[in-house]
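Read top to bottom, the protein sequences are chains A and B. Mapping of the first sequence onto numbering that gives the first Met the number 0: residues 0 to 554, in sequence order. Mapping of the second sequence onto numbering that gives the first Met the number 0: residues 0 to 554, in sequence order. Heads up: the structure comes next, in structure tokens.
Protein chains: 2
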Amino acid sequence: MNRYSNKNLSSGFWKWGDPAKAFHLNDFPRFKSFLEEKWKRKLNDDFKAPDITQLIPESTFSENDFSKTFPNLKQEQFSNSKESRILYGFGKSCHDIIRIFSGKIPPLPDFVLFPESEDEVEHILQNASKNKIRLIPFSGGSNVTGAFELNEKNVSCVVNLQRMKRMVAIDETSHTATFETGIFGPELEKILNAKGFTLGHFPQSFEYSALGGWLATRSGGQESGQYGKIEDMVLGIRAITPNGIIDTKDFPKHASGIDTFRLFIGSEGTLGIITQAKLRIHKLQSEQKWIVALFKTFDEGAEAVRCLLQQGIHPGILRLSDPLETKLFSTMRNSESGGLKKLIGALIKSRLASKGFNEPCILMTRFSIRNDSDFAMTKFTCRFFKSHNGFILPSSTAGNWEEHRFTLPYLRDTLIEHRVMIDTFETIAYWKNTSALYLNVKESLKKSAFYDKGGLLFCHLSHVYETGACLYFTMIAPMERSNEEAQWMNYKTLVTDAIIESGGAVSHHHGVGKDHQPWYLKTIDAGEKELLQAVKKHLDPNGIMNPGKLFDPEN
Amino acid sequence: MNRYSNKNLSSGFWKWGDPAKAFHLNDFPRFKSFLEEKWKRKLNDDFKAPDITQLIPESTFSENDFSKTFPNLKQEQFSNSKESRILYGFGKSCHDIIRIFSGKIPPLPDFVLFPESEDEVEHILQNASKNKIRLIPFSGGSNVTGAFELNEKNVSCVVNLQRMKRMVAIDETSHTATFETGIFGPELEKILNAKGFTLGHFPQSFEYSALGGWLATRSGGQESGQYGKIEDMVLGIRAITPNGIIDTKDFPKHASGIDTFRLFIGSEGTLGIITQAKLRIHKLQSEQKWIVALFKTFDEGAEAVRCLLQQGIHPGILRLSDPLETKLFSTMRNSESGGLKKLIGALIKSRLASKGFNEPCILMTRFSIRNDSDFAMTKFTCRFFKSHNGFILPSSTAGNWEEHRFTLPYLRDTLIEHRVMIDTFETIAYWKNTSALYLNVKESLKKSAFYDKGGLLFCHLSHVYETGACLYFTMIAPMERSNEEAQWMNYKTLVTDAIIESGGAVSHHHGVGKDHQPWYLKTIDAGEKELLQAVKKHLDPNGIMNPGKLFDPEN
């Protein structure tokens, strides 16, 4: 199944996921009212994407060029149609969408290829290298970082891996499985689940992202506390480069020299195409338990999280929202009749206020219950939160988040149609820096008209470690008509500057892409940059692999 | 403190550790009797190392050469004495010792330098590169793989890092600490312990190995179940190469491109010198609990271990001995009066035998008790072992191992003086392969006279993961007079061939060195080898860094 088969240009190609699952801002009436009251205006969905087919030139790479350049491929593995070039030429970022809406279309690829085997990938890379055709590896296409962005030079081609989606091997004794990298999250899990296993990688993009992209961008899933990030799951890869194949021998662990394959993790397509990966898998867990608590301040909640982690307790999922996110989270609940909502309402209005929880922060933690020890962990966590001044809420409070864990990108789309700018910024810092980073990022937007115009910035802490935590900010602001890209760029710059100055990473799990490259280049030292360039020079002597990204200067 | 300051050539420079802590085979009378009865001869300590100062040439690198080549260094940072060249020219392997004893001295370094700062390391690398002087980085010197071995060509120099042993920074909030890499295990732990922390890295060599070597060889400690291997502990490094400094920005985790520093982990000195490392640290744990059980067969014990791990239970220490190791382990207990010994004796002779535990395998697991959940884990583990046909022994049974956890290398030395060959072979394999690998290794020595001459081969499983386990074999055999090296080489080759053919890694935690290089070269593919050579060419264009190791062909 091509997960984009239900998409075409007229049904909103730029939107997230499955049109049948999309919803409208009106489906969240309390949230909509909240924004309208704050901004003192009605929100209308009158911002529409133009027909961008009219705005882009025809491909410079003909069917004839294709036949001559890639003789081993079949005709139906090639497309230079405007539709393909558009569908596979954009990521899913706010920046992408704003440019589509304002008709400022960046250079798009000239054609798309659909290899079905490693031999075909090799054929593509070798012939593209000979002909200096730039290649953009593409698996799910869900990036929000400008990962595919091109400059105007030379011919360029998207290598769409979605036909390479087999499970190549499974070892049920050793708990490993090898997959081709064009496989999407749900298909991968379906295959594993049928055998009683899970990979445990559930990024918010899960339904529309694929293994290759996860590996190339160092993706992190919502259950990283239990299963780790993708780089913790991978035991080995096979990668095809313009200079040949890298096929490293894998072991559970080893002391047999350098882990060469790690060069490809986070390489964002600059070195070659990862075609297969061997991954750690786990027995499916059926029983889960949520422990949910409120804290009086974000700092107090974060401190409880840090101390819990440093006690050796690692919830599978952990998410601490700041006061504003907690408040908005409650407006996202629609059911007026839910016992839960009533309960929370009652608590907030009476007991909590009297206890000083005026602007509480919600902390949700989820544990897999595999044995008594896991169960004892939940009991301990409950007591631990109480002893850190947390107020325990019913487990069911987490139900709303769990229900919507993969659907929030749909909300983004309807907000944009209502001329509401929404974007996310994520980073990771050592615990020593998280509190100041949080404040600095909030403060940074004061250098713009963001708050004056009613902009909202909120944050949650997730993907936590003994040494630090990922801070995930969401920004919502009224769009400035006809100035959307500059407005976005201004906010993005202020926030990212503040992140980097506060000791945060360019990204914890989204990656670098074109959007973060200026800051990435500030943070890597000269020696590292030259070393990576030497690695690229060796693997990709003609510089055709996703050029101009990461350490690779525009050429 | 120079941990070799209590050593000189006359006190047995080739021996392990502190002469004051060394012991004699007579200190283990039951073990000695066991060997004597098996081999039907008395064991005498009449095998002595010759004075090898008589066997080696004077250095070709004079004080004058030193002053001209390394003008920034002080005179006392240089030595070309035979004593220094010998002390810092050997590792601690069986192969090293056998060659010393038989007077077959491999090429030794021409001189030793003792840098005290990163600037001095840079000075050394740049001037050595200009002058094509080969450099061997040296921190603890405890390697058992021929890691320092040289061929005859060119001048060579040991860069001894033992004066670079500061803690550079500690972050008690984020649980990280940065150390210079010449620091030995006990000093590092002492500094951290004083602040309530531990690194948690306790290889058997702990007392006489240092951080730099741990990183360069991918070391693994006995508590890897709780703290991971060294590569899991390291957040970032600073490395100096002949082509400049690699100083990567570190984060708890990130999605900001390629983890370049990982190239240095396991690089065994071939790319540069790691001068600093930032490490994850942990609160000191005071309470520990052992769960000890016997299993009827090694396979049954291994299966219980695998299933336990795959349940998400990770003991801090885990060690499953095969029947022969279990038996020898019991002969190592000296106390006749111990209640324990009596108990085990009684158990073995009556109840156990009646239950089919004729040649039992001992499984020792240790847990840190930080909270109720950890305690519940020990209860669960106990029940789990019983349900897997394990027979639970008192926790105190593990006391003997714990007492001797760092002292077994001393036993090696006294055995060799008794003309007993003793060496260890370690590997890791996926669970699917561990059982066959164990049998194949035992079988492999049948191709030699090993068993006919009374050789003993035993094994334990340790450093276990959800996906696989490290198998650690010990071989004990009577030495063939005047044929020691060939005898050793024969056994080593048979065993390592069997390991590789059975899907095992060249090493789980000892590293590659010269001894394992032939097998390492068989297991890496051409693309990987060329890529690593390109990396080396960039960082070390004159090929001076520990040349002829890993992927680097002899030059």
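Every residue gets a Cβ at the ideal spot worked out from N, C-alpha and C, and that includes glycine. The structure presented is a predicted model; accordingly, all values stated were derived computationally and were not measured.
Contacting residues, own chain, Cβ-Cβ under 8 Å from residue i (five flanking each side not counted)
i, result
"residue 442/A", "497"
"residue 267/A", "146, 215, 216, 510, 511, 512, 545, 548 and 549"
Same chain only: Cβ atoms within 6 Å of residue i, ignoring 5 sequence neighbours per side
i, result
"residue 377/B", "288, 290 and 366"
"residue 281/B", "197 and 199"
"residue 473/A", "423 and 457"
"residue 136/B", "158, 268 and 272"
"residue 503/A", "426, 428 and 436"
Close Cβ partners of residue i (< 7 Å) along its chain, the five nearest in sequence each way excluded
i, result
"residue 179/B", "163, 164, 165, 167, 274 and 275"
"residue 452/A", "476 and 477"
"residue 521/B", "499"
"residue 191/A", "176, 197, 198 and 280"
"residue 440/B", "472, 494, 497 and 498"
"residue 283/A", "192, 195, 196 and 197"
Residue-level contact to chain A via CB, residue i, 9 Å cutoff
i, result
"residue 48/B", "no"
"residue 527/B", "yes"
"residue 462/B", "yes"
"residue 376/B", "yes"
"residue 471/B", "no"
"residue 38/B", "no"
"residue 5/B", "With a pLDDT of 47 at residue 5/B, under the threshold of 50, the modelled position of this residue cannot be trusted; read the value that follows with caution. No - not a single Cβ of chain A is within 9 Å of the one on residue 5/B."
"residue 379/B", "yes"
"residue 189/B", "no"
"residue 539/B", "no"
"residue 506/B", "yes"
"residue 252/B", "yes"
"residue 406/B", "no"
"residue 467/B", "yes"
"residue 220/B", "no"
"residue 524/B", "yes"
Residue i classed as buried or exposed, judged by whether at least 16 other C-beta atoms fall within 10 angstroms
i, result
"residue 358/B", "exposed"
"residue 45/A", "exposed"
"residue 262/B", "buried"
"residue 195/A", "exposed"
"residue 95/A", "buried"
"residue 141/A", "buried"
"residue 486/A", "buried"
"residue 490/B", "buried"
"residue 118/B", "exposed"
"residue 193/A", "exposed"
"residue 425/B", "buried"
"residue 464/A", "buried"
"residue 40/A", "exposed"
Contact belief for residue i with residue j at Cβ below 8 Å, rounded distance in angstroms
i, j, result
"residue 512/B", "residue 220/B", "Wrong, their Cβ atoms sit about 19 Å apart, outside the cutoff."
"residue 460/A", "residue 470/A", "6 Å"
"residue 397/A", "residue 420/A", "With a Cβ gap of about 29 Å, residue 397/A and residue 420/A do not count as contacting."
"residue 30/A", "residue 331/A", "6 Å"
Residue-level contact to chain B via CB, residue i, 9 Å cutoff
i, result
"residue 240/A", "yes"
"residue 555/A", "There is simply no residue 555/A to check, as chain A begins at 0 and stops at 554 in what is shown."
"residue 309/A", "yes"
"residue 365/A", "no"
"residue 409/A", "no"
"residue 429/A", "yes"
"residue 174/A", "yes"
**Q.** contact_flag[the stretch 78-87 of chain B, the stretch 102-118 of chain B] where n(CB pairs < 8 Å) is 3 or more
**A.** Short answer: they touch.
Q) Are the stretch 120-131 of chain A and the stretch 66-81 of chain A in contact at 8 Å, needing three or more beta carbon pairs? A) Contact between the stretch 120-131 of chain A and the stretch 66-81 of chain A is present: three or more C-beta pairs spanning the two stretches fall below 8 Å.
Q. Okay, do the stretch 523-539 of chain B and the stretch 238-250 of chain A touch, 3+ Cβ pairs below 8 Å being the bar?
A. Touching, yes.
(Q) Closer than 8 Å is the cut-off here; do at least three beta carbon pairs connect the stretch 292-304 of chain B with the stretch 297-305 of chain A? (A) Output reads no: the stretch 297-305 of chain A does not touch the stretch 292-304 of chain B.
(Q) Check whether the stretch 528-539 of chain A and the stretch 253-271 of chain A are in contact - that is, three or more C-beta pairs closer than 8 Å. (A) Yes: at least three Cβ pairs fall under 8 Å.
Q | Given 8 Å, three or more beta-carbon pairs between the stretch 397-407 of chain A and the stretch 248-259 of chain A | A | With the rule of 3 Cβ pairs closer than 8 Å, the stretch 397-407 of chain A does not count as touching the stretch 248-259 of chain A.
Q) Should the stretch 18-29 of chain B be regarded as contacting the stretch 403-416 of chain B, the criterion being three or more beta carbon pairs within less than 8 Å? A) Counting Cβ pairs under 8 Å, three or more are found: they touch.
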